[in-house]
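Chemist: Structure below; questions to follow.
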Amino acid sequence: MEKNTLTVKRGLAQMLKGGVIMDVVTAEQAKIAEDAGAAAVMALERVPADIRAHGGVARMADPEKIVEIQAAVTIPVMAKCRIGHFVEAELLQALGVDYVDESEVLTPADEAHHVDKHGFDVPFVCGCRNIGEALRRIGEGAAMIRTKGEAGTGDVVEAVRHMRTVMGDLRRLTTMREDELATFAKDVQAPLDLVASVAREGRLPVVNFAAGGVATPADAALMMRLGADGVFVGSGIFKSSDPAIRAKAVVEATTHYQDAGIIATASRGLGEPMTGIARDTLAPEELLATRGW
Amino acid sequence: MTPVIGVLALQGDFAEHTAMLRGLGTESREVRVPRDLEGLDGLVIPGGESTTIGKLLEMYALLEPVRDLGASGFPIWGTCAGLILLAKDVGKPQPLLGLMDMTVERNAFGRQIASFETDLDIDGLPGGAFHAVFIRAPIVGSVGDAVDVLARLDDGRIVAVRQGNLLGTAFHPELTADARLHRLFVDMARAA
Chain R
1 MEKNTLTVKR GLAQMLKGGV IMDVVTAEQA KIAEDAGAAA VMALERVPAD
51 IRAHGGVARM ADPEKIVEIQ AAVTIPVMAK CRIGHFVEAE LLQALGVDYV
101 DESEVLTPAD EAHHVDKHGF DVPFVCGCRN IGEALRRIGE GAAMIRTKGE
151 AGTGDVVEAV RHMRTVMGDL RRLTTMREDE LATFAKDVQA PLDLVASVAR
201 EGRLPVVNFA AGGVATPADA ALMMRLGADG VFVGSGIFKS SDPAIRAKAV
251 VEATTHYQDA GIIATASRGL GEPMTGIARD TLAPEELLAT RGW
Chain B
1001 MTPVIGVLAL QGDFAEHTAM LRGLGTESRE VRVPRDLEGL DGLVIPGGES
1051 TTIGKLLEMY ALLEPVRDLG ASGFPIWGTC AGLILLAKDV GKPQPLLGLM
1101 DMTVERNAFG RQIASFETDL DIDGLPGGAF HAVFIRAPIV GSVGDAVDVL
1151 ARLDDGRIVA VRQGNLLGTA FHPELTADAR LHRLFVDMAR AA
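Line by line, the protein sequences are chains R and B.
Residue numbering for the first sequence follows this note's numbering, beginning at 1 and increasing consecutively.
Residue numbering for the second sequence follows this note's numbering, beginning at 1001 and increasing consecutively.
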């Protein structure tokens, strides 16, 4: 019997495909998410919109809250650690979370180094803006990837940019000659063996979800249509006027992303979405997506 | 005749199943709404989150038609979450097909860090041991007389079962390159 193999780590992300992973800060929110059909929940201290609004240092969630969330639901519980904060990651592993998100949404703990994820039993998900960043994280041991988007804005534009960039890079890679791959790997600063295997397979070796700015069922379906394997929704659910109803509608839209009739029906009577901030009105230092490298 | 195998595509690793089934030369279709069930010779319920899949089965009026099909001899194979959905009782209130006379315990091994791979001897499956991937896996508790146990872990716990036209595995053959169980299910669909 072998535990914590790449197959097992990547496999859990495969089981989450076609699903919605929802940010929650309390056990009550986790229960609402599960009842709405979330495939997993992400435990964090504050949703990204509140991190933006209140500022300060955003850290891993209180272990007490994580334990309460784990007790409240049967679906997988993920939790965020700060970029490079391998001790927070060890704590989350000790708490038995099912996935650790080394996340740019929290204040980075290390400006140069990401966590060496190979050394952990628990699998990791990491953010990316392009294929180079995705493959660097996979090279470090990430078993799942999500495009970063711009968390806490409710503006989907950055999520779209990042997903289009990754999927476009993938398509370009599949048409390259062998001798072009090495230059590509150098240009995007990614390990050559991973670049070559992606070119051969025509897809990333791990599941890739969309994140950062999804606020409506149509946003979720848009990300699925662009090639996402599933969707993370952060502030979009619990910063809306009726989280339970909106959460269920986002789940429906993610499953039936090719059926506009179903999405239209699911999108009726949801109340107000989160207010949102247009991504282009943010100052460079307010952007979360540029954290990490 | 090439059998047409549906794969329930509400949530989970349905694409892995369709790819494997197509690799065996069968036609495979994604099933999301009741009309997708028309013309199928068998249905696979993939791995995923059983609560999510169960809610969407209920919401899109698939629970009754799939249950009726299964009760009338139509072949259905559930892997992991699919096995849970086939069970009569999982000890928690959640939407189930309830077609197989067995109890199932969800997350029986604990959290993700307890997930594992191991080799299994599967009754009636030629070709030697089957490398099985268990992810936050369930196990089968008690089974009724109509249920045949096909595989157990070394400690005796039940991880593969068959009840006539219904097949259930607690692990994920779709995550490996071994298509023997998919072939077995295609043969069941052909024979039905």
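No residue lacks a Cβ here, since even glycine has one placed at the ideal position from N, Cα and C.
If we cut at 7 Å on Cβ distances, does R:L12 have a partner in chain B?
Modeler: Judged by the 7 Å Cβ criterion, R:L12 is in contact with chain B.
Chemist: B:F1130 and B:A1170 look like a contact to me (Cβ under 8 Å); what is the Cβ gap, rounded to whole Å?
Modeler: About 12 Å separates the two Cβ atoms, so there is no contact after all.
Chemist: So R:A30 and R:I66 are supposed to be a Cβ contact under 8 Å. How far apart are they, rounded?
Modeler: Actually they do not touch by this definition, with Cβ atoms about 10 Å apart.
Chemist: What three-state label does DSSP hand B:E1016 in the structure shown?
Modeler: If DSSP states are grouped into helix, strand and coil, B:E1016 belongs with the helices.
Chemist: Of all the CB atoms in chain R, is at least one closer than 7 Å to the CB of B:R1157?
Modeler: No, because no Cβ of chain R sits closer than 7 Å to the Cβ of B:R1157.
Chemist: Thinking just about the alpha-carbon of each residue, which of R:G11, R:A27, R:E286 is nearest to the one in R:G152?
Modeler: Of the candidates R:G11, R:A27, R:E286, the one whose C-alpha sits nearest the C-alpha of R:G152 is R:E286.
Chemist: Along the stretch 75 to 94 of chain R, where does the CB come closer than 9 Å to a CB of chain B? Name the residues.
Modeler: Of all residues in the stretch 75 to 94 of chain R, I75, P76, V77, Q93 have a Cβ within less than 9 Å of some Cβ in chain B.
Chemist: Does the distance from the C-beta atom of R:M1 to that of B:T1103 stay below 7 Å?
Modeler: No.
Chemist: Since B:G1012 meets chain R, which of its residues come closer than 7 Å, beta carbon to beta carbon?
Modeler: Within chain R, the residues near B:G1012 are M15, K17, G18.
Chemist: Starting from the beta carbon of R:H256, find every residue of chain B whose beta carbon is closer than 7 Å, and list them in chain order.
Modeler: What R:H256 touches in chain B: R1032.
Chemist: Can you name the start and end residues of the alpha helix (DSSP H) that B:I1158 belongs to?
Modeler: Here B:I1158 belongs to no alpha helix (DSSP H); instead the beta strand (DSSP E) covers 1158 to 1163.
Chemist: Please state if the CB of B:V1031 and the CB of B:Y1060 are separated by a distance shorter than 7 Å.
Modeler: Cβ distance not < 7 Å, so B:Y1060 and B:V1031 don't count as in contact.
Chemist: What would DSSP say about B:T1169, mapped onto helix, strand or coil?
Modeler: DSSP places B:T1169 in strand when its eight states are reduced to three.
Chemist: If we count the other Cβ atoms within 10 Å of its Cβ and call it buried at 16 or more, is B:P1075 buried or exposed?
Modeler: That one is buried.
Chemist: What does the Cβ neighbour count give for B:D1123, buried or exposed, with the cut at 16 atoms within 10 Å?
Modeler: Classification of B:D1123: exposed, given that the 10 Å Cβ count is below 16.
Chemist: Cβ closer than 7 Å: which chain B residues qualify as neighbours of R:V105?
Modeler: None at all; the shortest Cβ gap to chain B is about 21 Å.
Chemist: If you measure from the beta carbon of B:T1169 to each beta carbon in chain R, is any gap under 7 Å?
Modeler: No, B:T1169 lies away from the interface with chain R (no Cβ there is under 7 Å from its Cβ).
Chemist: Let me check one thing: in DSSP terms, what residues is R:V188 bridge-paired to?
Modeler: Per DSSP, none; premise fails for R:V188.
Chemist: Is it buried or exposed, B:E1064, if we count other Cβ atoms within 10 angstroms and call 16 or more buried?
Modeler: Per the 10 Å Cβ criterion, exposed.
Chemist: Got a sec: is the Cβ-Cβ distance from R:T265 to anything in chain B below 7 Å?
Modeler: No - not a single Cβ of chain B is within 7 Å of the one on R:T265.
Chemist: Helix, strand or coil for B:L1125 per DSSP?
Modeler: In this structure, B:L1125 counts as coil in the three-state DSSP scheme.
Chemist: Could you round the C-beta distance between R:R279 and R:E150 to whole angstroms and report it? I think they count as a contact, below 8 Å.
Modeler: Sure, about 5 Å apart at Cβ, within 8 Å.
Chemist: Is the number of C-beta pairs between the stretch 1011 to 1031 of chain B and the stretch 103 to 121 of chain R that are closer than 8 Å three or more?
Modeler: Output reads no: the stretch 103 to 121 of chain R does not touch the stretch 1011 to 1031 of chain B.
Chemist: At which residue ranges does the stretch 30 to 96 of chain R contain complete beta strand (DSSP E) runs of 3 or more residues, listed in the order of the chain?
Modeler: As far as the stretch 30 to 96 of chain R is concerned, its whole beta strand (DSSP E) runs of at least 3 residues are 40 to 43, 77 to 82.
Chemist: Helix, strand or coil for B:F1116, going by three-state DSSP, please let me know.
Modeler: B:F1116: strand per DSSP, three-state reduction.
Chemist: Just checking, does the stretch 132 to 146 of chain R make contact with the stretch 6 to 23 of chain R on the three C-beta pairs under 8 Å criterion?
Modeler: Counting Cβ pairs under 8 Å, three or more are found: they touch.
Chemist: Given that R:D101 touches chain B, what residues does it touch there, using C-beta distances under 8 Å?
Modeler: Near R:D101 there are no residues of chain B at all, since even the closest Cβ is about 13 Å away, more than 8 Å.
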